[in-house]
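Note that the numbering used here has the sequence shown beginning at 915, numbered continuously upward.
By construction, the Cβ of each residue, glycine as well, lies at the ideal position given by its N, Cα and C atoms.
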Amino acid sequence: MSLKHWTCKSVAVIGLGYVGLPTAVLFAKAGFKVIGVDINSKIVKLINTGISPINEPGLKELLKNMLNAKLLFATTDYEYAVKNADAIIICVPTPVDENNTPILRFLEYAIENISNFLTKNKLIIVGSTVPPGCIHNYVVPLIEQKSGLKAGVDFWLAYCPERIAPGKTLKEFIENDRIIGGYTYESGKMAAQIFRKVVKGRIHVTDVKTAEVAKVAENTFRDINIAFANELALICEKLGVDVMSVIKLANTHPRVNIHFPGAGVGGPCIPKDPYLLIHPAERLGFKSRIIKTARMINDMMPSHIIDLILYGLNLVDKSISNAKITVLGTAYKGGVDDPRLSPAKEIISKLIALNAKIVVFDPHCKETFGAKRKTDIEEAVFKSDCIVVVTDHPEFKKLNLTRLKQLMNDKPLIVDGRRIINPLEAERLGFIYLGVGYIV
Ligand code: SAJ
């Protein structure tokens, strides 16, 4: 069948997580009949009762509406989904292991199950972020071997990685431009045809390999930019200059966009995508320098936060042992409840190892990484020696410092890992203020 005879009325979305569930509800909102598939029957049950396992603004309401409109339902049944869908979008995780080697077993499981029931004239779209070469060298051979069908002849295949920032997923899914890599020219056009019904941003169609590299390049560039900001912060600490003033001024240049230093780089994507980018090339003899160095710099920032805490406690003649330290934030970034690869994990475990008494407060994320949790910030800072800002939640940008100082022990310390507290206000109120890129 050629493109002009192909119509897509139904879509199967495989993997109903941070990317898959928003994909499913937005394709349903665009009028497609959507069959969501997940191997976790608890998630399937929750979704079918209108409860979203993902905490994203607007998602819960949209999910309920799509269920009521009978445009969406979830199942664990791959056979039913594949046989009743014209297009299949795969949104399973592609993490890296402890050696930073890509883990493709979730993708493999999804592809094998799809291939078992695949019939002719369907479009398969890989939405998961993959290492360059994965579609040609791994996905196509697996589908062809399992299904007996020929890519580009019996079925179409495209790569369409997401570009959604958690916390504003629905908005970004619709508004951001999209890259689509077609295994064949026709596959790319077919994928663009259905995504244009959902995405208002421009659709950039290219070949699969170019799309694979472009996606991981986006996040790798961000990681390197953040690493530069972190190294600039360490330089500013040595020079006694406030890095935030430096970045603000440097960014007034029309072609400069330095990111921000912090307590570390977390989340499901930025810490691992650089390794997806370099892994295939390194197997061909390439040796990464800047990309690996940037990862090392960003992964060193939690230790720098510990150094700032020790330096600050030393300034006020307090020992880390038995000091009460309040950690503000365990989520990997502000405004989300996701603790995946959060810098807070290393910071908390190092403080516990130093025999400090840790209390965690996070208004969004329940993770504590083994520390005691308080659900009220005043209880969390009561008789504390040091407040450490690890996550840039909006709530932490408007702390009542006067009140917090009344509750804390004398000579209170603030270590601002996200530079969201005003140093001059903190110092005026009697805090010892230390921050990444700002040291007294
Ligand atoms: N961070 C900094 N300094 C900064 C920006 C971020 O330290 O200036 C830290 C954050 O605190 C966080 C980590 O980096 O711990 C990652 O934050 P993020 O907002 O950069 O990452 P994600 O994973 O929420 O979203 C990114 C986005 N990619 C880009 O902006 C290039 C998003 O568009 C992608 O869709 C997403 O990764 C992904 O799924 O790949």
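Which of helix, strand or coil DSSP assigns to S1029: Under the three-state reduction of DSSP output, S1029 falls in the helix class.
Relative to ligand 1, is the shortest distance from any of its heavy atoms to the C-beta of V1179 smaller than 7 Å? Yes, the Cβ of V1179 comes within 7 Å of a heavy atom of ligand 1.
Three-state secondary structure (DSSP) of G1095: In this structure, G1095 counts as strand in the three-state DSSP scheme.
Check whether the stretch 934-948 and the stretch 985-1000 are in contact - that is, three or more C-beta pairs closer than 8 Å. Yes, the stretch 934-948 touches the stretch 985-1000.
Candidates R1209, V1122, I1078, P1075, of which the one nearest A1065 by Cα: V1122 is the residue among R1209, V1122, I1078, P1075 whose C-alpha sits nearest the C-alpha of A1065.
Minimum Cβ-Cβ distance from F1200 to chain C less than 8 Å: Absent from the structure is chain C; it holds one protein chain and no more.
How would you label D1231, buried or exposed, when you count the other beta carbons within 10 angstroms and need 16 or more for buried? Of the residues assessed, D1231 falls on the exposed side of the cut-off, its CB having fewer than 16 other CB atoms within 10 angstroms.
Tell me the residue span of the alpha helix (DSSP H) that contains D1213. Note, D1213: alpha helix (DSSP H), 1204-1229.
Neighbour-count burial assignment, N1165, 16 or more Cβ in a 10 Å radius: Taking every protein chain shown into account, the CB of N1165 has fewer than 16 other CB atoms within 10 angstroms, so this residue is exposed.
Can you grab the Cα-Cα spacing for the pair T1098 / I1108, in whole Å? About 16 Å.
Once you ignore the five residues that flank A995 on each side, which residues in its own chain have a CB closer than 7 Å to its CB? Cβ within range, chain order: A926, I949, V951, T989.
Which word fits D1221, buried or exposed, when buried means at least 16 other C-beta atoms lie within 10 angstroms of its C-beta? Exposed.
Identify, in the order they occur along the chain, each residue of the same chain with its Cβ nearer than 6 Å to the Cβ of I1192, setting aside the five sequence neighbours on each side. S1202, I1205, listed in sequence order.
Whole angstroms are fine: how far does the CA of N1133 sit from the CA of N1090? N1090 and N1133: Cα-Cα distance of roughly 15 Å.
Backbone secondary structure at V1122 - three-state DSSP: Secondary structure at V1122: helix, using DSSP grouped into helix, strand and coil.
Locate the alpha helix (DSSP H) running through A1340, then write down its first and last residues. That run of the alpha helix (DSSP H) goes 1337-1342.
Beta-carbon contacts of D1252 that lie in its chain and below 8 Å, excluding the five residues immediately before and after: So the qualifying residues of the chain are Y932, P1080, G1181, P1182, A1245, Y1246, C1279.
Is T1043 close to ligand 1? I mean its beta-carbon at under 7 Å from any heavy atom of the ligand. A distance criterion of 7 Å places the beta-carbon of T1043 in contact range of ligand 1, judged by its closest non-hydrogen atom.
Assigned exposure category for V1170 - 16 Cβ within 10 Å defines buried: Here V1170 is exposed. Its C-beta has fewer than 16 other C-beta atoms within 10 Å.
Between N1035, I1334, A1285, S1159, which has its C-alpha nearest A1177's C-alpha? Comparing Cα positions, the closest option is I1334.
Tell me the start and end of each unbroken alpha helix (DSSP H) in the stretch 917-955 that is at least 4 residues and wholly inside, in chain order. Runs found: 934-943.
Taking the alpha-carbon positions, what's the K1082 to P971 distance? For K1082 and P971, the distance between alpha carbons rounds to 7 Å.
Where P1168 falls: helix, strand or coil (DSSP): Note: P1168 maps to coil in three-state DSSP.
Less than 8 Å separating the beta-carbons of V1127 and P1257? No, the Cβ-Cβ distance between V1127 and P1257 is not below 8 Å.
Ligand 1 heavy atoms versus the CB of K1271: any closer than 7 Å? No, since every heavy atom of ligand 1 falls outside the 7 Å radius drawn around the Cβ of K1271.
On the DSSP bridge list, what partners appear for D1330? Answer by DSSP bridge pairing, in chain order: V1303, G1349.
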